[in-house]
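I have placed the structure first, in the form of structure tokens, so that the comments after it can refer back to it.
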Amino acid sequence: MHEISCPKCGTTFTIDEAGYADILRQVRDDAFDKALRERMELAEQAKMSAIDLAVATVKNELKDESAEKDREIETLKAAIAAADMAKELALAKALGEVEKERDALKNELKTKDAETKLLESSLKERYEIQIKDRDDAIERLKDLKARLSTKMVGETLEQHCEIEFNRIRATAFPHAYFEKDNDASSGSKGDYIFRDSDESGTEFVSIMFEMKNESDTTAAKKKNEDFFKELDKDRTEKGCEYAILVSLLEPDNELYNTGIVDVSHRFPKMYVIRPQFFIQMITLLRDAARNSLAYKQELARVREQNIDITNFEDDLEAFKTGFARNYDLASRKFETAIAEIDKAIKALEKTKQELLGSENNLRLANNKAGNLTIKKLTKNNPTMAAKFKELEVGTSDD
Numbered sequence: 005m006h007e008i009s010c011p012k013c014g015t016t017f018t019i020d021e022a023g024y025a026d027i028l029r030q031v032r033d034d035a036f037d038k039a040l041r042e043r044m045e046l047a048e049q050a051k052m053s054a055i056d057l058a059v060a061t062v063k064n065e066l067k068d069e070s071a072e073k074d075r076e077i078e079t080l081k082a083a084i085a086a087a088d089m090a091k092e093l094a095l096a097k098a099l100g101e102v103e104k105e106r107d108a109l110k111n112e113l114k115t116k117d118a119e120t121k122l123l124e125s126s127l128k129e130r131y132e133i134q135i136k137d138r139d140d141a142i143e144r145l146k147d148l149k150a151r152l153s154t155k156m157v158g159e160t161l162e163q164h165c166e167i168e169f170n171r172i173r174a175t176a177f178p179h180a181y182f183e184k185d186n187d188a189s190s191g192s193k194g195d196y197i198f199r200d201s202d203e204s205g206t207e208f209v210s211i212m213f214e215m216k217n218e219s220d221t222t223a224a225k226k227k228n229e230d231f232f233k234e235l236d237k238d239r240t241e242k243g244c245e246y247a248i249l250v251s252l253l254e255p256d257n258e259l260y261n262t263g264i265v266d267v268s269h270r271f272p273k274m275y276v277i278r279p280q281f282f283i284q285m286i287t288l289l290r291d292a293a294r295n296s297l298a299y300k301q302e303l304a305r306v307r308e309q310n311i312d313i314t315n316f317e318d319d320l321e322a323f324k325t326g327f328a329r330n331y332d333l334a335s336r337k338f339e340t341a342i343a344e345i346d347k348a349i350k351a352l353e354k355t356k357q358e359l360l361g362s363e364n365n366l367r368l369a370n371n372k373a374g375n376l377t378i379k380k381l382t383k384n385n386p387t388m389a390a391k392f393k394e395l396e397v398g399t400s401d402d
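Residue numbers (this note's numbering): 5 to 402.
Rendered as structure tokens:
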């Protein structure tokens, strides 16, 4: 046990070993901490003094350098200011050129916008006029169809197409032929035939037309395709390149109401159109054919050259064939003549042998005649001997 006196009141009290040790430890810790704080404060003061000294020293050392740096900074500031001024001048100049170019482009765009708007307005007005003309034509046809009889409607459709064509014939088709097909020698005929030629008279496009109206008695309750085969037959027989059915049949059929329908998958170069596209279709085919006219002319020249070559080859082949045939005939006749000559030679040889045999017999006969005497003749013939003897006696008396 330990007795401890309070330093303030003087009271004495007793504590055990553990309490004493704890108090002693606290005292020691407080004393240590106090001493440590004091030493740290002294060290901090020493450090601050050293820092102040170092700062003062550095400030003195840098004071001269700072003046030099200030001069360099002023020089750099002046250079930067000059560069900024030059940059601002260059920028102002560039901006002036850009703004000038921008203003020119704006003016050009304004001009082009005006031209574009004018062109658009012109095109719009022209197309609106065309659409109105087509609509008017449709309305006229509808009105005519409603007011006229069945026969008159059919005839009026043909007349409509003929009038529309003749209205622009002189200016658009000065060399064209457009007349009714009146040739029924083949058993059938179309309605109209169109042909166009160039200034030299060379034909470059031809069209067979057939006009059909839903009110026609011949077309009642029929479809467009019912007339394709006959139209193709008429096109072929009349030597036309294209076939066009101008039709008001199937008025509710969206396919044919689009205007121009290509049905060449059924029959070659055949189209079905509504009447309002009559002139446009002729113009389209005519212009396309005219563009290819030069190629057709060149092709025609090539064909003519090929025909000339073919004719020459045909003539040469005919000559060779005729010559071969004549040569064959002559050869056979020559062989026959040779054979006949051989036969004649053989006959002459035989005749020669026979003649030679005759000559030998004659020689022998002559020899025999030369050796013939009266004595030989009268030998063994007393009568003839007496006669010759009498002749001899008479001759001697004379």
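We put the beta carbon where it would ideally sit given N, CA and C, even for glycine.
Quick one: grab the DSSP three-state call for residue i.
{"i": "lysine 393", "result": "helix"}
{"i": "glutamate 218", "result": "coil"}
{"i": "phenylalanine 182", "result": "strand"}
{"i": "glutamate 245", "result": "coil"}
{"i": "serine 125", "result": "helix"}
{"i": "serine 70", "result": "helix"}
{"i": "aspartate 200", "result": "strand"}
{"i": "glutamate 254", "result": "coil"}
{"i": "serine 192", "result": "coil"}
{"i": "valine 267", "result": "coil"}
{"i": "serine 210", "result": "strand"}
{"i": "threonine 262", "result": "coil"}
How many Å lie between residue i and residue j at the Cα?
{"i": "glutamate 21", "j": "arginine 41", "result": "30 Å"}
{"i": "asparagine 310", "j": "glutamine 301", "result": "14 Å"}
{"i": "arginine 307", "j": "arginine 278", "result": "38 Å"}
{"i": "leucine 95", "j": "serine 70", "result": "36 Å"}
{"i": "glutamate 105", "j": "threonine 115", "result": "15 Å"}
{"i": "valine 102", "j": "threonine 61", "result": "59 Å"}
{"i": "asparagine 257", "j": "glutamine 134", "result": "23 Å"}
{"i": "asparagine 228", "j": "glutamate 245", "result": "20 Å"}
{"i": "alanine 292", "j": "arginine 173", "result": "18 Å"}
{"i": "glutamate 92", "j": "glutamate 76", "result": "24 Å"}
{"i": "alanine 322", "j": "arginine 270", "result": "43 Å"}
{"i": "isoleucine 84", "j": "alanine 108", "result": "35 Å"}
{"i": "alanine 86", "j": "asparagine 64", "result": "34 Å"}
{"i": "leucine 99", "j": "alanine 118", "result": "28 Å"}
{"i": "proline 386", "j": "lysine 393", "result": "10 Å"}
{"i": "alanine 188", "j": "asparagine 295", "result": "33 Å"}
{"i": "leucine 406", "j": "glutamate 132", "result": "Residue numbering for the chain in the displayed model covers 5 to 402; residue 406 lies beyond these limits and cannot be assessed."}
{"i": "lysine 350", "j": "alanine 343", "result": "10 Å"}
{"i": "lysine 81", "j": "aspartate 88", "result": "10 Å"}
{"i": "glutamine 163", "j": "valine 267", "result": "25 Å"}
{"i": "arginine 336", "j": "glutamate 353", "result": "25 Å"}
{"i": "alanine 90", "j": "glutamate 78", "result": "18 Å"}
{"i": "asparagine 330", "j": "glutamate 339", "result": "14 Å"}
{"i": "phenylalanine 169", "j": "aspartate 185", "result": "16 Å"}
Among the options, which has the Cα closest to the Cα of residue i?
{"i": "lysine 225", "options": "Leu57, Phe271, Glu254", "result": "Glu254"}
{"i": "asparagine 261", "options": "Phe169, Ser204, Arg138", "result": "Arg138"}
{"i": "proline 272", "options": "Gln284, Ala247, Met285", "result": "Ala247"}
{"i": "glutamate 143", "options": "Ala96, Met274, Leu252, Arg290", "result": "Leu252"}
{"i": "glutamate 214", "options": "Glu234, Phe208, Thr120", "result": "Glu234"}
{"i": "alanine 298", "options": "Thr120, Glu207, Lys121, Ile211", "result": "Glu207"}
{"i": "aspartate 236", "options": "Leu259, Tyr275, Arg199", "result": "Tyr275"}
{"i": "valine 209", "options": "Leu333, Asp346, Leu289", "result": "Leu289"}
{"i": "threonine 287", "options": "Asp56, Phe177, Asp185", "result": "Phe177"}
{"i": "cysteine 165", "options": "Arg336, Tyr196, Lys354, Lys136", "result": "Tyr196"}
{"i": "glutamine 284", "options": "Val250, Arg305, Lys347", "result": "Val250"}
Would residue i and residue j qualify as a contact pair, given that the criterion is a beta-carbon distance under 7 Å?
{"i": "isoleucine 264", "j": "phenylalanine 282", "result": "no"}
{"i": "histidine 179", "j": "serine 204", "result": "no"}
{"i": "leucine 161", "j": "asparagine 111", "result": "no"}
{"i": "phenylalanine 198", "j": "isoleucine 211", "result": "yes"}
Could you tell me whether the Cβ of residue i comes closer than 7 Å to any Cβ of chain B?
{"i": "glutamate 353", "result": "Although the question refers to chain B, the structure presented lacks it and comprises just one protein chain."}
Taking contact to mean at least 3 C-beta pairs separated by less than 8 Å, is the segment 192-207 in contact with the segment 238-253?
The segment 192-207, when compared against the segment 238-253, does touch it at the 8 Å Cβ threshold.
Looking at C-beta atoms only, is the number of pairs between the segment 166-183 and the segment 123-140 that lie closer than 8 Å three or more?
With a cut-off of 8 Å, the segment 123-140 and the segment 166-183 do not count as touching, because too few Cβ pairs lie within range.
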